[in-house]
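A short write-up of the structure that comes next.
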Amino acid sequence: MTKERKDHRCAKWQVFLMRSKAGHWMFEVRGPDDQVMGGGGGYEDAFEALDAAEDAFPGCDMKWVIQQPMGYMVNTAKREAE
Numbered sequence: 727m728t729k730e731r732k733d734h735r736c737a738k739w740q741v742f743l744m745r746s747k748a749g750h751w752m753f754e755v756r757g758p759d760d761q762v763m764g765g766g767g768g769y770e771d772a773f774e775a776l777d778a779a780e781d782a783f784p785g786c787d788m789k790w791v792i793q794q795p796m797g798y799m800v801n802t803a804k805r806e807a808e
């Protein structure tokens with residue numbers, strides 16, 4: 727089932743595209759309160775990761791895309807562990 731209208735609840739969601747140190751791309755979707763709503767990884771390029779994010783959240787407007795530098799997820803995990 728596909729949604730034809732955009733879901734207003736996720737109008738301000740952001741998609742973070744990140745490249746791992748191994749060279750794979752991943753995505754993370756965050757809500758307006760900066761809560762992680764979902765994600766995925768292992769993609770060949772940023773376009774494939776963005777397509778996967780759009781497929782995972784079909785009712786959301788993915789125009790807010792933020793590309794993070796390589797190793798972003800590792801740095802974030804270290805900060806959260808402290």
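When we follow the working numbering, the leftmost residue of the sequence shown carries the number 727, and every step to the right adds one. Glycine included, C-beta positions come from ideal geometry on N, C-alpha and C.
Item to complete: Give the C-beta separation of Met744 and Val755 to the nearest angstrom, bearing in mind that I take them to be a contact with Cβ-Cβ under 8 Å.
Response: Rounded, the Cβ-Cβ distance is 12 Å, inconsistent with contact.
Worksheet item: Gly765 and His750 look like a contact to me (Cβ under 8 Å); what is the Cβ gap, rounded to whole Å?
Response: Not a contact, Cβ separation roughly 13 Å.
Discussion item. Which residue wins for smallest C-alpha separation from Gln793, given the options Pro758, Lys747, Gly757, Ala772?
Written reply: Per the Cα distances, Ala772.
Worksheet entry | DSSP-derived helix/strand/coil call for Lys729 | Model confidence at Lys729 stands at a pLDDT of 36, short of 50, so the residue's coordinates are unreliable; what they give is reported in the following sentence. It is coil, neither helix nor strand.
Worksheet entry | Of the residues Ala775, Glu774, Glu770, the one placed nearest Ala748, counting alpha carbons only | Taking each of Ala775, Glu774, Glu770 in turn and checking the Cα distance to Ala748, the smallest one comes out for Glu770.
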